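Here is the structure we will look at.
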Amino acid sequence: MILTAENYFSREASEEYLSVSQYKDFIGTLGRPACEELALAKLHEEWDTEKSTALLVGSYVDAHFEGTLNTFKAQNPDIFTKSGDLKAEYKRANEIINRIERDPLFMKYMSGEKQVIMEAELFGAKWKVKLDSYHPDNCIVDLKTMKSLRESEYTKDFGHMNFVRYWGYDLQAAIYQKVVEIKTGKKLPFYIAAASKEKEPDIELIQIEQTLMDEALASVEVNIPKILALKNGEIDPVRCESCDWCKHTKVLTAPIWSSALLGEI
Ligand SMILES: [Zn+2]
Numbered sequence: 640m641i642l643t644a645e646n647y648f649s650r651e652a653s654e655e656y657l658s659v660s661q662y663k664d665f666i667g668t669l670g671r672p673a674c675e676e677l678a679l680a681k682l683h684e685e686w687d688t689e690k691s692t693a694l695l696v697g698s699y700v701d702a703h704f705e706g707t708l709n710t711f712k713a714q715n716p717d718i719f720t721k722s723g724d725l726k727a728e729y730k731r732a733n734e735i736i737n738r739i740e741r742d743p744l745f746m747k748y749m750s751g752e753k754q755v756i757m758e759a760e761l762f763g764a765k766w767k768v769k770l771d772s773y774h775p776d777n778c779i780v781d782l783k784t785m786k787s788l789r790e791s792e793y794t795k796d797f798g799h800m801n802f803v804r805y806w807g808y809d810l811q812a813a814i815y816q817k818v819v820e821i822k823t824g825k826k827l828p829f830y831i832a833a834a835s836k837e838k839e840p841d842i843e844l845i846q847i848e849q850t851l852m853d854e855a856l857a858s859v860e861v862n863i864p865k866i867l868a869l870k871n872g873e874i875d876p877v878r879c880e881s882c883d884w885c886k887h888t889k890v891l892t893a894p895i896w897s898s899a900l901l902g903e904i
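Counting from 1, position 129 in the sequence shown corresponds to residue 768 in my numbering; the numbering is continuous, with no gaps.
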């Protein structure tokens, strides 16, 4: 199968290739635990995860810099009010875009080749990646629109951390860097071109430390055999019992005690 912009997100492409988002569906991130059964349901197109407004605002900003905003608007009529105005969240998205375009360095990083698709074999799996802004021989840049760039995230097991670790962007950086290295022989630095959705949008160009990428890549290698076995139907997926898919498909077998409601605290 040859990957194109048209078939990149197709079911066929997702079954043949691993992507970073698919990997996160199966393995989870520090901020979002995985549900293996949901990951397979998404893969088999049995479950359509609802696109939240937060996600759509990010997609709106992405679409602008890809040069596909008109298509995006046509495909997402929900972003307009009944009178045909943009909803407040997307007016904010326009403010974020204006803020970004006011910064020459941010724009320089965003001026690479857009939406470059690459595939490579890594740890026995075929991977697909799509680079937001690729500067051959120079660097890889990924655009992200976040709630905040500096707010601390928290998990019970790992304590406080920044959004990069929380959402597994170090892992994305590691995979993108490795795939580009396999295809071109060049090991390039990875940057997140980040903007916040705050009232006054914050902007930053954030380089991901090589040590973080090396650690993340080592964890990927460990997890690949399980993901491939799940995708090939060789082992049964584990249910998380807390995602929307698990709520939708659960069948009660017996009452529970009230003390079980919160799980382990
Ligand atoms: Zn689940």
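Positions of the beta carbon are idealized from the N, C-alpha and C atoms, including for glycine.
Given the structure is predicted, the values throughout are model-derived calculations rather than measurements.
With three or more beta-carbon pairs closer than 8 Å as the criterion, would you say the region 809-818 touches the region 724-732? Judged by Cβ distances under 8 Å, the region 809-818 makes no contact with the region 724-732, as fewer than three pairs qualify.
At a threshold of 7 Å, does LEU677 count as lining ligand 1 (C-beta to nearest heavy atom)? A distance criterion of 7 Å places the beta-carbon of LEU677 in contact range of ligand 1, judged by its closest non-hydrogen atom.
Does TYR607 pass the burial test, meaning 16 or more other C-beta atoms within 10 Å, or should it be called exposed? As displayed, the chain neither begins before 640 nor continues past 904, which places residue 607 out of reach and without an answer.
Let's see if you can read the secondary structure: which residues bound the beta strand (DSSP E) around PHE587? Nothing about residue 587 can be read from this structure; the chain reaches only from 640 to 904.
Short of 7 Å in beta carbon distance, which residues of its chain neighbour PRO828, apart from the five on each side in sequence? Order them along the chain. Taken in chain order, the residues that qualify are CYS778 and GLN846.
What is the DSSP secondary structure of ASN769, counted as helix, strand or coil? Position check: residue 769 holds Lys in this sequence, whereas Asn was assumed. Looking at LYS769 - three-state DSSP - the assignment turns out to be strand.
Complete runs of the alpha helix (DSSP H) confined to the region 750-823 [at least 4 residues]: Given a length threshold of 4 residues, each whole run of the alpha helix (DSSP H) inside the region 750-823 is given here in chain order: 802-805 and 808-823.
For LYS767, which residues in the same chain have their Cβ closer than 6 Å to its Cβ, ignoring the five residues on either side in sequence? Answer for LYS767: LEU642, TYR656, SER658 and GLU758, listed in chain order.
So, for THR667: in the same chain, excluding its five sequence neighbours on each side, which residues have a beta-carbon less than 6 Å away from its beta-carbon? Just to set this straight, residue 667 is Gly in the shown sequence, not Thr. If the five residues before and after GLY667 are omitted, its C-beta is found closer than 6 Å to the C-beta atoms of ALA673, all from its own chain and listed in chain order.
Quick check on the burial criterion: 16 or more other C-beta atoms within 10 angstroms. Buried or exposed for GLU676? Flag for GLU676 reads buried.
Which of the three DSSP states is assigned to GLU705 in this structure? The DSSP-derived three-state label of GLU705 is helix.
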